[in-house]
Amino acid sequence: DGGITQSPKYLFRKEGQNVTLSCEQNLNHDAMYWYRQDPGQGLRLIYYSQIVNDFQKGDIAEGYSVSREKKESFPLTVTSAQKNPTAFYLCASSIGSRDSNSPLHFGNGTRLTVT
Amino acid sequence: AQSVAQPEDQVNVAEGNPLTVKCTYSVSGNPYLFWYVQYPNRGLQFLLKYITGDNLVKGSYGFEAEFNKSQTSFHLKKPSALVSDSALYFCAVRARGAQAGANNLFFGTGTRLTVIP
């Protein structure tokens, strides 16, 4: 089955520690995204990538970092600089062509709790 | 500025009754419009999209949506609600011609639908 796999589903960390969230897709999609979801705030874009070895900051990139060394993988690191890291993190992918009306495909998310 | 508004945080409907979840948008040019559904602790699932043509779009699980250009709306509808339709629904918009994989897909803040047995 083609899809997006996020791991782990739940993650607990102590304040001050960096943590990396995994996202892997086998849909052969060029574009990948990371969103943060907080109650009542909808989805906020952290980072996005159109192709391998290229990525751009979204609306709330501070305190986060990403890499895109392979087409299939787009890991997100939540650093100790992120002031309020506890949230539900969603990874997505899509066909990356111009004027694409293809929808995003989402993983099932990682719920990060930092104490 | 491009944006999407879902004016209702919560919609309650009795099982078997028709349901409507509202969405209005602001985007330059003609948009692509999407509806997604999210069940608890899961990612978003694509329901349907409007590209062009017929203003009434049919999607998954019996949902449909009506595009109204003059009112810049894209309301989600279903003729007969099921308890299993209870979930969080998101509307999204992208301007036509925009490069995918960029910061140009705008989501609403979501509407929680509760279908009462």
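The listed protein sequences derive, respectively, from chains A and B.
Residue 42 in this note's numbering sits at position 42 of the first sequence; the count goes up by one each step and never skips.
For any residue, its number in this note's numbering is found by taking its place in the second sequence, counting from 1, and adding 1000.
Don't be surprised by glycine CBs; every beta carbon is placed ideally from N, CA and C.
Given the structure is predicted, the values throughout are model-derived calculations rather than measurements.
Close to residue 1107/B, with beta-carbon spacing below 7 Å, are these residues of chain A in chain order: 42 and 43. A straight line joining the alpha-carbon of residue 113/A with that of residue 95/A spans about 31 Å.
Residue 1115/B sits in a strand when the DSSP states are folded into three classes.
By DSSP's assignment, residue 88/A forms a beta bridge with 37/A and 111/A. DSSP, reduced to helix, strand and coil, places residue 52/A outside both helices and strands of the structure shown, so it counts as coil. Counting other Cβ atoms within 10 Å of its Cβ, residue 1058/B stays below 16 and is therefore classed as exposed. Assignment of beta-bridge partners to residue 1082/B by DSSP yields no partner. Excluding residues up to 5 positions away in sequence, 68 lie with their Cβ nearer than 7 Å to the Cβ of residue 54/A in the same chain.
By the criterion of at least three beta-carbon pairs nearer than 8 Å, the region 1076–1091 of chain B is in contact with the region 1108–1116 of chain B. Rounded to the nearest whole angstrom, the C-alpha separation of residue 108/A and residue 1010/B is 23 Å. Spanning the alpha carbons of residue 62/A and residue 82/A requires a straight line of approximately 7 Å.
By the C-beta density criterion, residue 37/A is buried, having at least 16 other C-beta atoms within 10 angstroms.
Assignment of beta-bridge partners to residue 105/A by DSSP yields 93/A. Per the C-alpha coordinates, the member of 3/A, 5/A, 14/A and 18/A positioned closest to residue 80/A is 18/A.
DSSP lists no beta-bridge partner residue for residue 75/A.
The C-alpha of residue 1083/B is placed about 17 Å away from the C-alpha of residue 1076/B. If you check the CB distance, residue 31/A and residue 48/A come in under 8 Å. Here residue 1060/B carries a helix assignment [DSSP, helix/strand/coil]. Taking a beta-carbon distance threshold of 8 Å, residue 74/A does not count as an interface residue toward chain B.
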